[in-house]
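Okay, so here's the structure we're looking at.
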Amino acid sequence: MSEGGTGTDGSADPGTAVDVRIRVRGIYTTAVTQRLLEAGHTVVQASEPIRARFETDFPTAPADVRIETTRDRQGLEVSGDPECVDRVLAHLESLALDTFRWADPVPRGAVFDGAVREADGGRGAPVSLGDGRRGYLKYDDADGYVDADDRYRLQVREPTSPWADDAPRLSPGLAVEGGFCTLSRDRSGIGADFDGARAEELVGMTDLLSTSIPDGWGLRWHRSAVDADLEAMTAALEDAVDRVRTLEAHLEDAPEEPGDPARLADPQATAWLWFGRESRLALDEVRRTVETTMVGHHRIKAGDRSASVAVDFAEAVADPTGEEEFPFAAVSRQFGPTAGDRLALGHGKPDGRLITLGTGEVTDWSEDGSLTLERSMRGGGTYDALEVPIEDGDVAITKLKEGRWWYPTTYKAADGRTKGTYVNVCTPVELFPDSARYVDLHVDVIRRTDGSVAVVDEDELEAAVDAGQISPELAEKARSVAAAVERALS
1 MSEGGTGTDG
11 SADPGTAVDV
21 RIRVRGIYTT
31 AVTQRLLEAG
41 HTVVQASEPI
51 RARFETDFPT
61 APADVRIETT
71 RDRQGLEVSG
81 DPECVDRVLA
91 HLESLALDTF
101 RWADPVPRGA
111 VFDGAVREAD
121 GGRGAPVSLG
131 DGRRGYLKYD
141 DADGYVDADD
151 RYRLQVREPT
161 SPWADDAPRL
171 SPGLAVEGGF
181 CTLSRDRSGI
191 GADFDGARAE
201 ELVGMTDLLS
211 TSIPDGWGLR
221 WHRSAVDADL
231 EAMTAALEDA
241 VDRVRTLEAH
251 LEDAPEEPGD
261 PARLADPQAT
271 AWLWFGRESR
281 LALDEVRRTV
291 ETTMVGHHRI
301 KAGDRSASVA
311 VDFAEAVADP
321 TGEEEFPFAA
331 VSRQFGPTAG
341 DRLALGHGKP
351 DGRLITLGTG
361 EVTDWSEDGS
371 LTLERSMRGG
381 GTYDALEVPI
391 EDGDVAITKL
401 KEGRWWYPTT
411 YKAADGRTKG
421 TYVNVCTPVE
431 LFPDSARYVD
441 LHVDVIRRTD
451 GSVAVVDEDE
461 LEAAVDAGQI
471 SPELAEKARS
481 VAAAVERALS
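Using the UniProt record's numbering, you'd call the opening residue of the sequence shown number 1 and step up by one each time.
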């Protein structure tokens with residue numbers, strides 16, 4: 001890190017903050033890079049397309065923070081030095097009202113003592129890490145047979161977002177990444193994680209570096225080090241050694257053998273950003289200052305991996321001065337959803353969880369971005385707030401529209417009787433090929449069979465604001481949407 005940062009107007013202010021070195025990868029890279037450069041930070045290890053788009057030099061240097069697009073393309077993982085992570089997030093979490101941030105209790109690189117919960121098949125075992133935290137240990141990563149209640153000292157190799165079903169991947173042994181290289185306790189000597197003459201050259205150049213490898217640790221160079229000079233290699237190794245010293249200091253008082261599940265060291269922090277529809281459109285605006293960007297660039301790429309090539313082609317031949325709207329009809333026809341498709345309701349919660357409310361059939365579709373989803377209901381319990389029993393044969397008819405801050409679901413009995421309507425207030429709906437996505441904002445509006453209308457769950461919205469899960473500005477937006485829906489239904 002070096003001195004630098006941002007002033008109150010968002011411009012670079014070298015004397016007030018810290019210039020963070022950041023490595024960025026994934027579908028949001030151009031926009032995120034521009035945002036961070038505007039904030040006075042340094043982007044390092046840039047890819048060739050990024051180097052071509054920006055009129056600036058990108059150092060080949062270790063990163064304080066790594067930013068990667070999540071596997072489902074819904075947001076970002078931000079991992080690294082805790083102070084640096086906070087500084088970076090300050091410039092990204094304010095993109096739009098529907099940008100959400102969550103800290104990860106099982107961050108990348110953290111060390112835990114864990115207990116295997118069960119080992120009855122599959123490729124790995126769930127592991128308890130204490131205080132309700134969990135992880136996953138692949139059998140191939142462990143020495144010997146893995147049995148229930150076995151204790152291991154484990155490090156987080158791959159964290160997972162709060163909305164994902166997977167548990168963080170854990171591995172025995174300790175390893176520390178330094179940008180171009182990794183130091184690990186379960187390897188010895190010097191090597192590379194790829195083959196060929198360039199790998200042999202890197203190994204040979206290590207003898208020329210002034211930094212010594214810590215006792216008991218082995219060094220592996222990554223392919224990203226191929227273009228690094230001696231100065232950059234030295235900086236990367238020094239950075240890795242510093243991280244080793246920090247990790248060892250955290251573990252200095254840890255017992256020699258694994259004990260009860262507990263966190264022993266967390267020298268890095270991991271946070272997750274989830275982008276809603278307005279966030280993605282805001283990222284489009286940022287990217288447009290750098291490169292030709294069609295309306296819905298990030299929205300389309302987030303919805304379907306195969307859409308990236310089509311988006312890139314469309315932008316390559318587009319008129320950069322043209323005013324456009326998000327091409328929902330074209331995108332939906334090409335990638336879905338359309339009439340006859342199966343679509344899930346991906347009900348995000350403000351604490352980061354993702355709940356699937358069921359999957360139904362798209363029975364009606366329109367070019368304006370609206371569709372009708374029908375789901376068959378199983379009997380048992382009652383419909384929230386409506387206090388009407390759920391019975392076999394009931395049908396839930398949901399009207400969804402891209403970009404709208406609410407959607408209604410009408411419940412009907414098998415004989416066609418209406419049991420009530422429930423309007424969910426949420427962040428702007430996005431209709432991806434396999435699921436509708438949004439974050440629930442707690443407050444809702446109901447219409448009962450007697451025609452009475454009410455706003456419900458306002459206390460849950462207040463509690464989420466008090467817990468820091470929903471910003472006051474977003475809460476006010478939710479209340480205004482609920483009030484407008486209430487007036488329309490009355």
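C-beta atoms are modelled at their ideal positions from N, C-alpha and C, and glycine is treated no differently.
- Counting of Cβ neighbours within 10 angstroms places Glu257 among the exposed residues, the total staying below 16.
- Pro472 carries a helical assignment under DSSP once its states are collapsed to helix, strand and coil.
- Taken in chain order, the complete beta strand (DSSP E) segments of 3 residues or longer contained in the stretch 387 to 460 are 395 to 401, 406 to 412, 418 to 426, 435 to 447 and 453 to 456.
- Following the DSSP letters along the chain, one finds His347 inside the beta strand (DSSP E) bounded by residues Arg342 to Gly348.
- Residue Arg288 holds the alpha-carbon nearest to the alpha-carbon of Arg35 among Arg288, Leu441 and Asn424.
- Taken through DSSP and simplified to helix, strand or coil, Val311 comes out as helix.
- Close CB contacts of Ala318 within its chain, under the 7 Å cut and outside five residues either way in sequence, are with Thr292 and Met294 (chain order).
- Counting other Cβ atoms within 10 Å of its Cβ, Arg375 reaches 16 or more and is therefore classed as buried.
- One Cα belongs to Arg479, the other to Glu158, and the distance between them is close to 38 Å.
- Note: Gln155 is bridge-paired with Val111 and Ser171 in the DSSP secondary-structure output.
- Non-local C-beta neighbours of Gly380 in its own chain, meaning closer than 8 Å and more than five positions away in sequence, comprise Ile390, ordered along the chain.
- Under a 10 Å Cβ-count criterion, Tyr145 is classified as exposed, with fewer than 16 other Cβ atoms of the shown protein chains found around its own Cβ.
- In chain order, Ser171 and Pro172 place their CB closer than 7 Å to the CB of Asp141, counting only its own chain and leaving out the 5 sequence neighbours on each side.
- Going by beta carbons, Gln74 and Trp274 fall inside the 8 Å limit.
- When rounded, the separation of the alpha-carbon atoms in His298 and Leu371 is 22 Å.
- DSSP, read as helix, strand or coil, puts Gly204 in helix.
- The beta carbon of Phe328 lies closer than 6 Å to those of Gly369 and Glu402 in the same chain, with the five residues before and after it left out.
- Rounded to the nearest whole angstrom, the C-alpha separation of Val203 and Ile190 is 6 Å.
- By the Cβ neighbour-count rule, Pro255 is exposed, with fewer than 16 other Cβ atoms within 10 Å of its own.
- DSSP links Ser128 through a beta bridge to Ala115 and Arg134.
- Uninterrupted beta strand (DSSP E) stretches at least 3 residues long and entirely within the stretch 58 to 95 occur at 65 to 69 and 75 to 80, given in chain order.
- Taken through DSSP and simplified to helix, strand or coil, Val295 comes out as coil.
- The beta carbons of Gly130 and Asp260 sit closer together than 8 Å.
- Comparing C-alpha distances from Leu281 to each of Glu325, Arg417 and Ser308 shows the shortest one belongs to Glu325.
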